[in-house]
Each structure stands twice: as C-alpha cells, then as structure tokens.
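Input: a single structure, listed below in structure tokens.
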Amino acid sequence: MPCDLFGGYTVMVSKTFYIETFGCQMNAHDSEKVIGTLEQQGYARVEDEGEAGLILYNTCSIRDKAEQKVFHRLNEYKRLQGEGKKFAVLGCVAQQEGERIFEKAPYVSLVAGSASYRNLPEMLRRLEAGEQRITGLDDRQTDLTFETEFTARSNPHRGYITIIEGCDKFCAYCVVPYTRGKERSRTSASVLVEARKMVDLGYTEIQFLGQNVNSWRDPSDSSGRMSFAELLVAVGELPGIRRVRFTTSHPRDFTRDIVQAIDATPTLCDHVHLPVQSGSNGVLKAMAREYTREWYLERMSWIKAAKRDISITSDMIVGFPGETDADFEETITLVGEVKYDAVFAFKFSPRPNTPAVTMADSISDEVKTERLRILMDRQREIQREHYGRHLGQVQECMVESYNVSRNQVVGRSSQNKTVNFTTRQNGAQIARAQPPVGSYVPVRITQTLPNCLVGEAMADSAEASAFVPMPRVPQFVVLN
Ligand code: 5AD
Ligand code: SF4
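Numbering (my numbering), first residue to last: 53 to 532.
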C-alpha cells in the first residue's frame, strides 16, 4: 500500500473507494465504467465513505441547482480530510470549473472531465504516487471515446451502451458541448461486440446512450457502415435480446427510418424521447435548436402514423430569455397537440460559457415557476386522459422490484411506463412467490393513473406459473 504525505502526517492510503453520482443516465453509466476501471486497477468499492481511501464525486452541471449540490457536498468532505483520504471530482462540474476546484476545495487531488476518463489508470497511478493536483481536462480536444471492457453494470438484466459521446449542437442554453466535448461516435462493430457480450451474460434489455444518439454516424470504413436505424435493428435481432431503447434523440437528426425500424422490429421498444424544448418558433430560434414547430410536428406525424402505438416523451424549458406569454402559450398548445406520455419540464437556468448566459434573463423566477406549474398541470391532464387508451390491454412488463406493503410487483412496459401489478394463481393472491426481477410477465391493465398503470398478471401465462421466491440480485456484473 502506498504511503502519502498529507497535511504533514504520513498516512496509509488503502485501495478502497467510494463513489457518488449525480445527474443523468450518461453520468450513471460513466460511473459504471469508472467503477470497473478502478476495480481493474486493484481498488475495492465500499458503500461507506468513512471506510474509503479514495472518495469520488461524479458531478452534473446541467442546471445551477445540480452544481450547487456539488459544492455543498464538497464542503461536507472537509471533515474527512484529516483522515488522510483522497478526493476526486469527476464529470461536468470538474470539466467546467477545472483547476478552480483546487482553490475552492484544496483537499481535492484529482479533477477530471468525462472526455479524459480513458486516462484514468494513469491518473490513478499518479494519485497513488502522491501527486496533489492532477487534472484531466481534455475539453473539446479529443477524438477518442471511453471504451472499457471493465464496465461494472449495476443491473444484471438491463444495461446501457454508450454509442456516442459529446455534442456539437451548441443549443444556446446548454453546457454539454463544453463539459462533454465534441461529438465522437463508436464503430458499429465495437457496439455490437459489447452488445453480444451482454447477451452472453444474460442481459435482455439494452439501452443506447448518448447526448444525441440519433446523431450517431458509424466511423467504420464504408464496407461495414451502418445507419443508426440499422444499428438498432442489428442489436434488436441478437438472439436473447428482448428490448432495445435509446436516449436522447435530437429532432434535427430524427429520420423516418427510425420509425420504420421500430415498426418492423418488435424488440425495439415503442417509445421515442424527442425533446422539443419549446413550442414557439421565436424561442426555438433563440435557443439555436435549428428546427421549427412545424418541422417537429412533421416528425410527430411520422411516429403517430406507425402501426405500433409509439409513446412520445419530451423535455421542455420554460422562461428562456425573451419568452413572452404568447410564446409560452405556443408550448401549451403543442403539448395538447402532441399528447405526450411524459414531459420533463425545467425552469431556464443560465449556465456558464453558454450564449444564453449573456442574453438578458428577462423572466422573473416567479413567472418561471408559474409557467412550470401551468405546463405540468396541463401535462397531467393529458396523461390522465391519454393513458386511458391502455385500459384492458395486455402489456408485457419487465419486473423491476416489489412493493411489499401493497403486495404489488413493479414492472416496466416497452413504452417505459411503470406498471404496478398483482399476481394471482388459482384465484389466490400469492404472498411470497413473485416473478423474479428481470423476468417478463404479461399483465392485463385494469386501471390507469396519470403516472402509471395498474394491472393483474395473466394467470395462465408460462411466466406466471414459474413464479419463484424473490431471488437475490447480484449487485454488479463486470463485463470482461
Ligand atoms: N436550463 C434549464 N434546463 C436545461 N436543460 C439543459 N440545459 C438547461 C438549462 N440551462 C434541460 C433540457 C434538456 C434536459 C436534459 O435538461 O430540457 O433536454
Ligand atoms: Fe445540450 Fe442541445 Fe447538445 Fe442536447 S443537443 S446536449 S440540449 S447542446
């Protein structure tokens, strides 16, 4: 075990680590890769920061609130510094704040953005050698993706695959192009190798991840080059795969063959998350989204014309600089026109380095809060009504967990909706035997609520007759 000089005392640094993750699915999956890399370097993960030699914090800076949490947490770290622990700040705040983090929190030894993670083994060696100020701040320089065989996936049934990193869109409000670097696609061959390994390990659901997954362009040479839709189908056709998802898509890159692929391939989930951000052409222009409301609605009409009922969800921002009442009203009418199954709505938050930070933030927080409330109320009404279409349907659900107090199984439909269902066998409620986590159960929908569906497992299904007591789920599966 290496020794280190810390605050004037010589202390032992054990090779144990504790990691906390904030933010989106990209960050959650980055942490899975970081954990795998650390374990491969001989570190052992602990669940209590008090037992860890190295404490890592994987951060998010998409909105100001998320960033504030990081500094709040860093302050709490202070009490542990006397114990000779080492601290690392990773992710978007690391990239954005860079070396300023050392000034704000001098006990931090490593600051690295996601575009530098492929250098982690080397950075860890420098950390072990006692270096105090290590930075991995590749910014927009790198053309490389972070591919590792040692991803420690936390769910043994459903796993993420990053197919594209970074973003080149530069929407006026967004920090991502500055924190995650330029757009880099992985080759179709490397994505397929990873998908096949996951299938061999028993994964049945794969979710493609990227800031803009449908902006993915196969960097393979021309002979084996695939389109995004072809890559979806190729993974969807792997024997053993039951579900393929992808998130997030950008309307600019949303092509009709994606809808055709979903229609033709039952394993591709019938769900598209296509963030619109605003229903007003003026605001869309100011946001530099590079599409109009009409252009977006045309994509919606492709999805709605599909043979399958494809669920549509979106992200929206209210209170972007200059958004008038009339602009906001356009967002409300768009929500009514599309009839989304879910909307993730946010108050505009000015972010460092972005063009929007220099625009006069003319909307008061009260107005933003009020617009957010109106939007969410309207969306709730839509969901209350629109989810009614599922009443009486049979939906296949992947079991995720159990609500013991309600004697319900919590599952997820292909459309990504939560389905709370009960199981009956020979007419009797089963108390302890339930379908295992990760299994697929056909469920008849008996009630619809604005945010979830309620149902009953089909009693005569093969899955229902194979119910077993709740299994212990292994915490991590390392793919190597
Ligand atoms: N303020 C508010 N919301 C934002 N988002 C991204 N940047 C900002 C910002 N500066 C939202 C967008 C994006 C989602 C992930 O977060 O809606 O789609
Ligand atoms: Fe941000 Fe726009 Fe890129 Fe999405 S597409 S990550 S909103 S810059």
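Don't be surprised by glycine CBs; every beta carbon is placed ideally from N, CA and C. Everything numeric in this text was worked out from a predicted model, so none of it was measured.
Excluding five sequence neighbours on each side, which residues of the same chain lie with their C-beta closer than 7 Å to the C-beta of residue 406? Only 224, 225, 226, 227 meet the Cβ criterion.
Does residue 453 pass the burial test, meaning 16 or more other C-beta atoms within 10 Å, or should it be called exposed? Its Cβ having fewer than 16 others within 10 Å, residue 453 is exposed.
Buried or exposed: residue 135, going by 16 or more other Cβ atoms within 10 Å of its Cβ? Burial call: exposed.
Using alpha carbons as the reference points, say which of 470, 493, 287, 409 lies closest to residue 476. The shortest C-alpha separation from residue 476 is found at 493.
Sorted by chain position, which residues of the same chain lie with C-beta nearer than 6 Å to residue 310's C-beta, five sequence neighbours on each side aside? For residue 310, where only same-chain residues beyond five positions count, the Cβ hits under 6 Å are 281.
Would you check if the distance between the CB atom of residue 215 and the CB atom of residue 262 is smaller than 8 Å? Cβ distance < 8 Å, so residue 215 and residue 262 count as in contact.
Are the Cβ atoms of residue 438 and residue 391 separated by less than 8 Å? In contact: residue 438 and residue 391 (Cβ atoms closer than 8 Å).
Assuming residue 231 and residue 120 form a contact by the criterion Cβ under 8 Å, report the distance between their Cβ atoms to the nearest whole angstrom. Taking C-beta atoms under 8 Å as the contact rule, residue 231 and residue 120 fail to qualify, at a distance of about 16 Å.
Straight-line CA distance for residue 445 to residue 286? A straight line joining the alpha-carbon of residue 445 with that of residue 286 spans about 29 Å.
The ligand SF4: which residues have Cβ under 6 Å from any of its heavy atoms, chain order? Counting every residue whose Cβ lies closer than 6 Å to a heavy atom of the ligand SF4, we get 219, 221, 222, 223, 226, 228, 229, 263, 264, 302.
What does the alpha-carbon distance come out to for the pair residue 98 and residue 132? In this structure, the straight-line span from the alpha carbon of residue 98 to that of residue 132 is close to 15 Å.
Which class does residue 600 belong to by DSSP, given the choice of helix, strand or coil? Examination of residue 600 is not possible in this model, given that the chain is present from 53 through 532 alone.
Within the chosen definition, does the stretch 101-108 reach the stretch 67-82 through at least 3 CB pairs nearer than 8 Å? They touch, by the three-pair rule.
Quick one, are the C-beta atoms of residue 424 and residue 397 less than 8 Å apart? Residue 424 places its beta carbon less than 8 Å from that of residue 397.
Measuring CB to CB, does residue 181 end up less than 8 Å from residue 163? The beta carbons of residue 181 and residue 163 sit no closer together than 8 Å.
Taking the straight line between their C-alpha atoms, what separation do you get for residue 209 and residue 410? Rounded to whole angstroms, the separation of the alpha carbons of residue 410 and residue 209 is 45 Å.
Give, in chain order, every unbroken run of the alpha helix (DSSP H) that is at least 4 residues long and sits entirely within the stretch 103-175. List check, alpha helix (DSSP H) in window: 116-129, 143-149, 152-156.
Could you tell me the distance, in whole angstroms, from the CA atom of residue 383 to the CA atom of residue 303? In a straight line, the C-alpha of residue 383 is about 16 Å away from that of residue 303.
What does the alpha-carbon distance come out to for the pair residue 499 and residue 259? A straight line joining the alpha-carbon of residue 499 with that of residue 259 spans about 28 Å.
Report the partner residues of residue 367 according to the DSSP bridge assignment. DSSP lists 396 as partners of residue 367.
Where residue 340 and residue 402 are concerned, what is the direct C-alpha to C-alpha distance, given to the nearest angstrom? Linking residue 340 to residue 402 through their CA atoms gives a straight-line distance of about 15 Å.
Which residues does DSSP list as the beta-bridge partners of residue 449? Residue 449 pairs with 465, 493.
Counting beta carbon pairs with one atom in the stretch 264-281 and one in the stretch 239-249, are three or more of them shorter than 8 Å? Yes, they touch.
Quick check: does the Cβ of residue 400 come within less than 7 Å of any heavy atom belonging to the ligand 5AD? Residue 400 Cβ: within cutoff of the ligand 5AD.
Exposed or buried, what is residue 267 when buried is set at 16 or more other beta-carbons lying within 10 Å of its beta-carbon? Label assigned to residue 267: buried.
Between the Cα of residue 449 and the Cα atoms of 246, 130, 257, which residue gives the shortest distance? Checking every option, the nearest Cα to that of residue 449 belongs to 257.
Just list the residues that DSSP pairs residue 182 with in beta bridges. Answer by DSSP bridge pairing: none, since residue 182 is not bridged.
Where does residue 264 land, buried or exposed, given buried means 16+ other C-beta within 10 angstroms? With 16 or more other Cβ atoms from the protein chains shown falling within 10 Å of its own Cβ, residue 264 counts as buried.
Determine the DSSP secondary structure at residue 293, reduced to helix, strand or coil. Judged by DSSP in its simplified three-state form, residue 293 adopts coil rather than helix or strand.
For residue 418, tell me which candidate among 400, 404, 412, 408 has the shortest Cα-Cα distance. Residue 400 holds the alpha-carbon nearest to the alpha-carbon of residue 418 among 400, 404, 412, 408.
Apply the 10 Å Cβ neighbour rule to residue 375 and answer buried if 16 or more other Cβ atoms are within range, or exposed otherwise. Buried, by the Cβ-count rule.
Per DSSP, which residues does residue 70 bridge with? Please list them. Answer is 107.
Assigned secondary structure, residue 224 (DSSP; H/G/I helix, E/B strand, else coil): Of the three classes helix, strand and coil, the one that applies to residue 224 here is coil, per DSSP.
Please state the DSSP three-state secondary structure of residue 212. If DSSP states are grouped into helix, strand and coil, residue 212 belongs with the strands.
Can you name the residues that DSSP bridges to residue 331? BP columns for residue 331 are empty, so no partner.
Sheet register partners of residue 455 (DSSP bridge): 460.
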